[in-house]
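Just so it is clear: in the sequence shown, position 119 is 119 by UniProt numbering, and no numbers are missing. No residue lacks a Cβ here, since even glycine has one placed at the ideal position from N, Cα and C. First up is the structure itself, then whatever we jot down about it.
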Amino acid sequence: MLDDVDLKILKIIQNDAKYPLEKISQEVKLPKSTVAYRIKKMEKEGVIKGYYTHIDPSALNLDYLVVTMIKAKYGQNYHETLGKKLAQLPGVWGVYFILGDIDFIVIARFKNREEFLNNFLEKLINMPEIERTSTSVIAKTIKETPFQIL
1 MLDDVDLKIL
11 KIIQNDAKYP
21 LEKISQEVKL
31 PKSTVAYRIK
41 KMEKEGVIKG
51 YYTHIDPSAL
61 NLDYLVVTMI
71 KAKYGQNYHE
81 TLGKKLAQLP
91 GVWGVYFILG
101 DIDFIVIARF
111 KNREEFLNNF
121 LEKLINMPEI
131 ERTSTSVIAK
141 TIKETPFQIL
């Protein structure tokens, strides 16, 4: 279980993973060694899964953002098998198995419509595990941030 100090440490490093340990220790009013121990413990327990650089997709010309809803054909372990296949498609950065009429939501980014059609949609169409799809192109991103602790 995480306590209030762990949550405060997480809030600090989620915004800047390079934030100096000394400053974190000052903010949470604990010795650097204790803060370092808590961070290592959260890494070991899988609370902290890694450290990432937040890259602006438009700087890489990846402005063609799509959300695809997928209805799959049921079968043994279909959600795991198809989920892994979807995750391997070029441009995909999110695959979600959901409950309801739709089985998967896939979020992907591409440079343009042709790249989307050739590298993604054609591969989806040819997957025998998929019954049907519905894709929406994102016209404008209003807010997009990594998970944040409130």
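I think Glu129 touches Thr68, with their Cβ atoms under 8 angstroms apart; what is that distance to the nearest whole Å? Here residue 129 refers to the residue found at position 129 of the sequence shown. Here residue 68 refers to the residue found at position 68 of the sequence shown. No, Glu129 and Thr68 are not in contact; Cβ-Cβ is about 14 angstroms, not under 8 angstroms.
What do you get for Gly50, buried or exposed, if any count of 16 or more other CB atoms within 10 angstroms of its CB means buried? For the purposes of this step, residue 50 is identified with residue 50 of the sequence shown, where counting begins at 1. The residue in question, Gly50, is exposed, as its Cβ has fewer than 16 Cβ neighbours within 10 Å.
Here's the rule I'm using: 16 or more other beta-carbon atoms within 10 Å means buried, otherwise exposed. How should Val137 be labelled? Taking the first residue of the sequence shown as position 1, residue 137 is located at position 137. So Val137 ends up on the exposed side.
Rounded to a whole number of angstroms, what is the C-alpha to C-alpha distance between Lys3 and Ile48? Taking the sequence shown and counting its residues from 1, one reaches residue 3 at position 3. Taking the sequence shown and counting its residues from 1, one reaches residue 48 at position 48. First, the residue type needs correcting, since residue 3 is Asp and not Lys in the sequence shown. Spanning the two alpha carbons is a distance of roughly 15 angstroms.
How is the beta strand (DSSP E) around Leu65 delimited, first residue to last? What you label residue 65 is simply residue 65 of the sequence shown in a count that begins at 1. Note, Leu65: beta strand (DSSP E), Tyr64 to Ala72.
Would you tell me roughly how many angstroms separate the C-alpha atoms of Ala36 and Tyr52, rounded to the nearest one? Numbered from its first residue, the sequence shown carries residue 36 at position 36. Numbered from its first residue, the sequence shown carries residue 52 at position 52. Their backbone Cα atoms lie some 19 angstroms apart in a straight line.
Neighbourhood of Gly91 by C-beta distance below 7 angstroms, restricted to the same chain and skipping five residues each side: Mapped onto the sequence shown, residue 91 falls at position 91. Cβ within range, chain order: Ala108, Arg109, Phe110, Asn119 and Phe120.
Whose C-beta lies closer than 6 angstroms to the C-beta of Ala17 among residues of the same chain, with five residues either side of it excluded? Translated into positions along the sequence shown, residue 17 becomes position 17. Answer for Ala17: Tyr51, listed in chain order.
N- and C-terminal bounds of the beta strand (DSSP E) containing Tyr96: Sequence index remark: in the sequence shown, residue 96 carries index 96 (1-based). That run of the beta strand (DSSP E) goes Val92 to Phe97.
Just to confirm, is the Cβ distance from Tyr64 to Phe116 under 9 angstroms? For the purposes of this step, residue 64 is identified with residue 64 of the sequence shown, where counting begins at 1. For the purposes of this step, residue 116 is identified with residue 116 of the sequence shown, where counting begins at 1. A contact, by the Cβ cut-off of 9 angstroms.
If you follow the beta strand (DSSP E) that Ile130 is in, where does it begin and where does it stop? Position 130 of the sequence shown, counting from 1, holds the residue named residue 130. Counting along the chain, the beta strand (DSSP E) containing Ile130 begins and ends at Ile130 to Val137.
In the structure shown, what three-state DSSP assignment does residue 151 receive? One cannot answer for residue 151 here, as it falls past the ends of the chain, which runs 1 to 150.
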